[in-house]
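Undergrad: Dumping the structure here so I can ask a few things about it.
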Amino acid sequence: MNDLVLIRKNLFRRKLRAILMMVSILIAFAIFAVLASFERAFNAGQDRATPDRLVVLNKINFTQPLPISYYNRVAAVDGVAQINHFSWFGGYYQEPRNFVAAFAVDPENWMKLRDSDFVFSPEIRAAFIRERTGVLVGARMMEKWGWKIGDHIPISSNIWSQKNGSHAWDFTIIGSFTARIPQADTNVMVMSYDYFNETRSFGKDLISWLALRTTSVAANERVTNAIDGMFANSPYETRTDSEKAFSKAFAAQLGNIALIVELVVGAAFVTILMIVGNTMVMTVRERTREIGVLKTLGFSGGRILRMVLGESILLALLGGLPGLGVALLLIARVRDSLMSFVPTLSLYPDIVAAAVGLMVVFGIITGLVPALNAMRLNIVTALGRN
Amino acid sequence: MRSIFLQILAVTTINLKSLPQRLWLSLATVIAVGLVVTVLLAFLAMANGFQRTIADSGAEDIAVALRSGSLSEINSVVLRDQVRLIEDGPGIARGADGKPQTSGELYLTVDGTKRSTGTKASLPLRGLGPQGPALRRGVVITAGRMFNPGTNEIIVGKALGKEFEGFDLGQTVTFNSTRWTVVGIFAADGSVFESEIWADLPVLQSLFKRVGAVQTVRARLINPAAIEALRAYSDSDPRLKLDVMSEAAYFAQQASNTSDLIQKLGWPLAIAMAFGSLAGALNTMYSSVAARATEIATLRAIGFSGFSTFVGTLVESLILAAVGGVIGAAATYLVFDGFTASTIGGSFSQVVFNFQLSPRLIGQGLLLALVVGLFGGLFPALRAARMPIVAGLYGS
Numbered sequence: 001m002n003d004l005v006l007i008r009k010n011l012f013r014r015k016l017r018a019i020l021m022m023v024s025i026l027i028a029f030a031i032f033a034v035l036a037s038f039e040r041a042f043n044a045g046q047d048r049a050t051p052d053r054l055v056v057l058n059k060i061n062f063t064q065p066l067p068i069s070y071y072n073r074v075a076a077v078d079g080v081a082q083i084n085h086f087s088w089f090g091g092y093y094q095e096p097r098n099f100v101a102a103f104a105v106d107p108e109n110w111m112k113l114r115d116s117d118f119v120f121s122p123e124i125r126a127a128f129i130r131e132r133t134g135v136l137v138g139a140r141m142m143e144k145w146g147w148k149i150g151d152h153i154p155i156s157s158n159i160w161s162q163k164n165g166s167h168a169w170d171f172t173i174i175g176s177f178t179a180r181i182p183q184a185d186t187n188v189m190v191m192s193y194d195y196f197n198e199t200r201s202f203g204k205d206l207i208s209w210l211a212l213r214t215t216s217v218a219a220n221e222r223v224t225n226a227i228d229g230m231f232a233n234s235p236y237e238t239r240t241d242s243e244k245a246f247s248k249a250f251a252a253q254l255g256n257i258a259l260i261v262e263l264v265v266g267a268a269f270v271t272i273l274m275i276v277g278n279t280m281v282m283t284v285r286e287r288t289r290e291i292g293v294l295k296t297l298g299f300s301g302g303r304i305l306r307m308v309l310g311e312s313i314l315l316a317l318l319g320g321l322p323g324l325g326v327a328l329l330l331i332a333r334v335r336d337s338l339m340s341f342v343p344t345l346s347l348y349p350d351i352v353a354a355a356v357g358l359m360v361v362f363g364i365i366t367g368l369v370p371a372l373n374a375m376r377l378n379i380v381t382a383l384g385r386n
Numbered sequence: 001m002r003s004i005f006l007q008i009l010a011v012t013t014i015n016l017k018s019l020p021q022r023l024w025l026s027l028a029t030v031i032a033v034g035l036v037v038t039v040l041l042a043f044l045a046m047a048n049g050f051q052r053t054i055a056d057s058g059a060e061d062i063a064v065a066l067r068s069g070s071l072s073e074i075n076s077v078v079l080r081d082q083v084r085l086i087e088d089g090p091g092i093a094r095g096a097d098g099k100p101q102t103s104g105e106l107y108l109t110v111d112g113t114k115r116s117t118g119t120k121a122s123l124p125l126r127g128l129g130p131q132g133p134a135l136r137r138g139v140v141i142t143a144g145r146m147f148n149p150g151t152n153e154i155i156v157g158k159a160l161g162k163e164f165e166g167f168d169l170g171q172t173v174t175f176n177s178t179r180w181t182v183v184g185i186f187a188a189d190g191s192v193f194e195s196e197i198w199a200d201l202p203v204l205q206s207l208f209k210r211v212g213a214v215q216t217v218r219a220r221l222i223n224p225a226a227i228e229a230l231r232a233y234s235d236s237d238p239r240l241k242l243d244v245m246s247e248a249a250y251f252a253q254q255a256s257n258t259s260d261l262i263q264k265l266g267w268p269l270a271i272a273m274a275f276g277s278l279a280g281a282l283n284t285m286y287s288s289v290a291a292r293a294t295e296i297a298t299l300r301a302i303g304f305s306g307f308s309t310f311v312g313t314l315v316e317s318l319i320l321a322a323v324g325g326v327i328g329a330a331a332t333y334l335v336f337d338g339f340t341a342s343t344i345g346g347s348f349s350q351v352v353f354n355f356q357l358s359p360r361l362i363g364q365g366l367l368l369a370l371v372v373g374l375f376g377g378l379f380p381a382l383r384a385a386r387m388p389i390v391a392g393l394y395g396s
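Chains C and U are the protein sequences, given in the same order.
Residue numbers are given in my numbering: position 206 of the first sequence equals residue 206, and the series is strictly consecutive.
Residue numbers are given in my numbering: position 187 of the second sequence equals residue 187, and the series is strictly consecutive.
Here is the structure:
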C-alpha cells in the first residue's frame, strides 16, 4: 500500500463530505473557466490584431464618416503597405432585430488585406471583383440563416436607403469563405462599395473608416503622424490608431468587463477557499489519533505533510477538472446564441492551464494549515487526544 | 402543542449557544452565503439602475418618429419634408402661439474621456431647437445659462459632466475643428438626457454637413392615446413611413436589451455560486449534527421528540443563512448602491446610471439565502431526527 492509496482512502472516508467539497470546487472552477473564456472572446479583437495594422477614423467619433478621397491620399503616404476602406451598412435580414454585420469594401483590396484571416478560392476572388451586386458571406453567417451560394437575399439597412426610397438591397450570394485562423470571425458579409455608393440616396462618397497595414511596426508612428497631420484643420479630421488600441477602446465602452469578471471569480474562490479550508482543518483534526499511530509506525513528519497536502490537492483536482468539463459543455451550448455578441467564444488551452495551476495552488492553500499541524503533531498528545 | 413549541425553543437555543464551538465552519457558511447574495444583488442593482435611468426617461405623451427599421436614434434619418408632414399630423399639441409642439433633432456621437479610467467613450451630442427642452420633463439649467441660437455653445447634462473629462462650465471642447464653449450644465430629473450634450440644431446641421435632415422628430401629443392616430397617419402616407412610438415605448425598448443581459448574467452566476455555498452549508450542518450527536441522543432519551431536534437543526441552518444574507445585502448596499457607472446604451453611446437597490431586490437576495439555508439544513436535520438514541449515547 503506497501513500497514494492512503491519500485516496483518506479523502473518501467520508464520501458525502468529499463529494460536497468537490461540488463546490467544481462550481468555482466552472465559473472561472466560463468567465475567463467570455472575457477572452470579448477582447478577441485586440488579440487578433497584429501590430502593423492601423485604422483611420474620423476624429470626432468612429460613427462619423470620412470622404472616399482619403483612400488614395492615405495610400500614397510613405510606409503604407496595404490599405482598404470600409463602410458600415447597418444591415438586417427581414426583421430589424436580425442584425447582419455587413460592410461595403473595395473587393480586390479587401481580399488582399484579409487573406491572412480568411480562405478565398480563386473562383470566388474573380467573381467578387466581377459581380457588382454580388456579396461574399462568411461560413458562420451562411450557416446562421441557412443561405446557399446563388441565393438572392434582401438585406435591409437601418441607416441607408436606395434612391428609389427602399431600405432593402437585393444581393446575390456569389461565394463564401472560411476562417484561416480560429480567432477570425466569419459571421460577416461584404459587398462592393462602388455598387453601394451608386445606389444609396445620401452620404455619397463617404466611407466609415480606413484600415491599413504599414511596411513595418517601426513605421507606425511616422505613418500615424503623417496621416493625422495631413488632414488637420480640415472638415474631416482623422485619428489614426492601432487596430488593437481601437478594439480595446471599443470593448472598454461596455464597462470594465475585466473588473467585473475578477470580482465575481474572486468572490467564488473566497467562498470555496473558506469552506474547503475549514473542512480540511476539521477533517485532519478528526484524524489526530491516526496520525499519532502513523508516526508511531515510523512515518516521518514530512511524509505526513505530503500526504495531507496530497489529499487537498487531489480534492482540488477531482473537483476542478470536472468543473472545466462543465465549462466546456456550457460554452458549447451558448456559443451559437451568443455568436453575434462574442463570436470567438471557446475554452482556450491557456485558460485550462491557468485553471489547473490554480487548482494546485488552491489545494496547497487549503491543505497547508492542517498539513503543518499534522506534521508538528507530537505522538504523545496525538494518542492522548480524544 | 405548547410542549412541542417549548422543546423546539430549547433545542434551538442549545444549538445556537453551541455555535461558538463550530465558529470557523459556521462563519465560513455565513460569509459564503453573504458573498452569493452580494454577487446577485450587485448584478440586479446594476440592471435595475440602468433600466430605471433609461425607461423612466420616456414620457407617454411624447411621440418619437424614426426612420422605419432604424431601431435607434443614431441610425435614423428624417428629411425636412417629413418633419413638416409630422408637424401637420393629427393629435399633436399646439402651443399658445398656435405652433405645433415638435422638435426635429440630430443625434451624433463624439469622443470623450472617462474620468475614472481615462479611456475614450462615445458621448451623445444632440442638436435641438428652442422647443426641444420643453418636450422633456424637468429640464433645468443648474449652472450657467442656455446656449444662444446660432452660436457654438453647448450645455452639458450633469451626469455626463461628472463622469467625463473636459465638460466643466466655461471649458471649450473641439469637435470637427470647431471650438465649442460649455455655457451651461443642466439637470433633467435623473433621466438619460443628463448623459447628453446639447447644442443648437442649425449650427450642428451645418457643421456636420446634415443641412435639411434631422434624425428624429419628437412631438407632444394632446393625450397619450393620440399616438395611434399619428401612427396611422404616418403609415398611410408613402412619403412618411416612419416608425412612430411613444417616447416611453422607445426608451423601454432601448433599455431592455442591456438590462436583460445583465440579469441573464447575474442570476445564473448567483445560482451557481449558491450551489457552491449550499455544499458548504450542508457540510457545516452535518458537522454540527455529528458534533452534537451525544447531546441530541441525551435530549431524545429524556423525552424530547425527533421533530424538535429536526426543527432545531433546520433553524440553526436558516439563521446562519439569514445572517449571511443580511450581511450580503448590507455589503451590497454600502458598496454598490448609488455607485455610478456608465455603459453603452442603445445608440452606440454612453449612458450614465447609478446602481439602484430596491426592497424587492433585497427580498430576492434574502430569499436566495434562505433557500440555501433550507436545503443546507434539511438533510442534516433529518439525520438528527432519525439518529438512533443508543448509538448517539455511546458516541460515534
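Ideal Cβ placement from N, Cα and C applies to all residues, glycine included.
#1: Is G79 of chain C helix, strand or coil when you go by DSSP?
#2: Quick one: which unbroken alpha helix (DSSP H) runs of 4-plus residues sit fully inside the region 96-133 of chain C? Chain order, please.
#3: So T332 of chain U and L41 of chain U are in contact, right, with Cβ under 8 angstroms, and what is the actual spacing, rounded?
#4: Any contact between the region 90-108 of chain U and the region 160-167 of chain U? By contact I mean 3 or more CB pairs, one from each, below 8 angstroms.
#5: Can you pull the chain U residues whose beta carbon is under 9 angstroms from the beta carbon of S389 of chain C, in chain order?
#6: Hey, quick one: how far does the alpha helix (DSSP H) through T283 of chain C stretch, first residue to last?
#7: For P224 of chain U, which three-state DSSP category applies?
#8: Taking only the alpha-carbon atoms, compute the straight-line gap between G121 of chain U and N75 of chain U and give it to the nearest angstrom.
#9: In whole angstroms, give me the CA-to-CA distance for N109 of chain C and R125 of chain C.
#10: How far does the alpha helix (DSSP H) with S317 of chain U in it extend, from its first residue to its last?
#11: Could you check whether the Cβ of S396 of chain U sits closer than 7 angstroms to any Cβ belonging to chain C?
#12: With 7 angstroms as the threshold, decide whether the Cβ of F375 of chain U is near any Cβ in chain C.
#13: Would you kindly check if the distance between the Cβ of E39 of chain C and the Cβ of I181 of chain C is under 7 angstroms?
#14: So which residues of chain U does L20 of chain C contact, with C-beta pairs closer than 7 angstroms?
#15: Which stretch, first to last residue, makes up the beta strand (DSSP E) that contains K120 of chain U?
#16: Answer yes or no: do G127 of chain U and L204 of chain U have a C-beta to C-beta separation smaller than 7 angstroms?
#17: With distance defined between alpha-carbon atoms, name the residue in C:N233, C:Q183, C:A76, C:A218 nearest to T344 of chain C.
#18: Can at least three beta-carbon pairs, one atom from the region 42-50 of chain U and one from the region 350-358 of chain U, be found at a separation below 8 angstroms?
#19: Per the DSSP calculation, T12 of chain U is bridged to which residue(s)?
#20: Figure out for me which residue from C:Q162, C:D106, C:S161 has the closest Cα to the Cα of V135 of chain C.
#21: Just confirm the distance between the C-beta atoms of G376 of chain U and L278 of chain U, as a whole number of angstroms; I'd bet it's less than 8 angstroms.
#22: In whole angstroms, what is the alpha-carbon distance linking G323 of chain C and I27 of chain C?
#23: At the level of alpha carbons, what is the spacing between I222 of chain U and D61 of chain U?
#24: Report the residue from U:G34, U:P20, U:A65 whose alpha carbon sits nearest the alpha carbon of V372 of chain U.
#25: Closest to F128 of chain C by CA distance: which of C:I149, C:K144, C:M141, C:W145 is it?
#26: How would you call T102 of chain U, buried or exposed, if buried means at least 16 neighbouring beta carbons within 10 angstroms?
#27: Does the Cβ of A59 of chain U have 16 or more other Cβ atoms within 10 Å, making it buried, or fewer, making it exposed?
#28: Would you say V39 of chain U lies against chain C (beta-carbon separation less than 7 angstroms)?
#29: Given a cut-off of 7 angstroms on the beta-carbon distance, is the pair M307 of chain C and P370 of chain C in contact?
#30: Specify the secondary structure class of I389 of chain U as computed by DSSP and reduced to three states.
#31: M274 of chain C CB to nearest chain U CB: under 7 angstroms?
#32: Note down the Cα distance separating I153 of chain C from A76 of chain C, rounded to an integer number of angstroms.
#33: Which residues mark the beginning and the end of the beta strand (DSSP E) in which S342 of chain U is found?
#34: Just tell me which of C:F32, C:L4, C:T50 has its CA closest to the CA of S216 of chain C.
#35: Listed in chain order, which residues of the region 244-255 of chain C have Cβ atoms closer than 7 angstroms to some Cβ of chain U?
#36: Just verifying my parser: in three-state terms, what is the DSSP assignment at K114 of chain U?
TA: This is what the structure holds:
#1: In this structure, G79 of chain C counts as coil in the three-state DSSP scheme.
#2: DSSP runs (the alpha helix (DSSP H)) wholly in the region 96-133 of chain C: 107-113, 122-130.
#3: Yes, T332 of chain U and L41 of chain U are in contact; Cβ-Cβ is about 4 angstroms, under 8 angstroms.
#4: They do not touch, by the three-pair rule.
#5: Nothing about residue 389 of chain C can be read from this structure; chain C reaches only from 1 to 386.
#6: Looking at the DSSP string, the run of the alpha helix (DSSP H) that includes T283 of chain C is 257-286.
#7: In this structure, P224 of chain U counts as helix in the three-state DSSP scheme.
#8: Residue identity differs from the one stated: residue 121 of chain U is Ala in this sequence, not Gly. Going by the C-alpha atoms only, they are around 18 angstroms apart.
#9: Distance between the alpha carbons of N109 of chain C and R125 of chain C is about 11 angstroms.
#10: According to the DSSP assignment, S317 of chain U belongs to the alpha helix (DSSP H) that extends over 306-336.
#11: With a pLDDT of 47 at S396 of chain U, under the threshold of 50, the modelled position of this residue cannot be trusted; read the value that follows with caution. Closer than 7 angstroms to the CB of S396 of chain U there is not a single CB belonging to chain C.
#12: Contact of F375 of chain U with chain C is not assigned, every C-beta pair being separated by 7 angstroms or more.
#13: Note that the C-beta distance between I181 of chain C and E39 of chain C is not below 7 angstroms.
#14: What L20 of chain C touches in chain U: A279, L282, N283.
#15: Run containing K120 of chain U: 120-128, per the beta strand (DSSP E) assignment.
#16: Pairing G127 of chain U with L204 of chain U gives a Cβ-Cβ distance under 7 angstroms.
#17: The residue with the shortest Cα to Cα distance from T344 of chain C is C:Q183.
#18: Taking a contact to require three or more Cβ pairs closer than 8 angstroms, the region 42-50 of chain U and the region 350-358 of chain U qualify as touching.
#19: Answer is none; T12 of chain U lacks a bridge partner.
#20: The shortest C-alpha separation from V135 of chain C is found at C:D106.
#21: Indeed, because the Cβ distance is near 6 angstroms, the residues count as touching under 8 angstroms.
#22: Roughly 6 angstroms between the two C-alpha positions.
#23: So the two alpha carbons sit approximately 7 angstroms from each other.
#24: Relative to V372 of chain U, the option among U:G34, U:P20, U:A65 whose CA is nearest is U:G34.
#25: Minimum Cα-Cα distance from F128 of chain C among the listed residues C:I149, C:K144, C:M141, C:W145 corresponds to C:I149.
#26: So T102 of chain U counts as buried.
#27: With a 10 Å radius around the Cβ and a threshold of 16 neighbouring Cβ atoms, A59 of chain U comes out buried.
#28: Closer than 7 angstroms: yes.
#29: No, these two residues do not count as a Cβ contact at 7 angstroms.
#30: In the structure shown, the three-state DSSP call for I389 of chain U is helix.
#31: By this cut-off, M274 of chain C is an interface position.
#32: Using only the alpha carbons, I get a separation of about 37 angstroms.
#33: Segment 340-344, the beta strand (DSSP E) holding S342 of chain U.
#34: Per the Cα distances, C:T50.
#35: Cβ contacts with chain U come from A249, A252, Q253, L254, G255.
#36: Three-state DSSP puts K114 of chain U in a strand.
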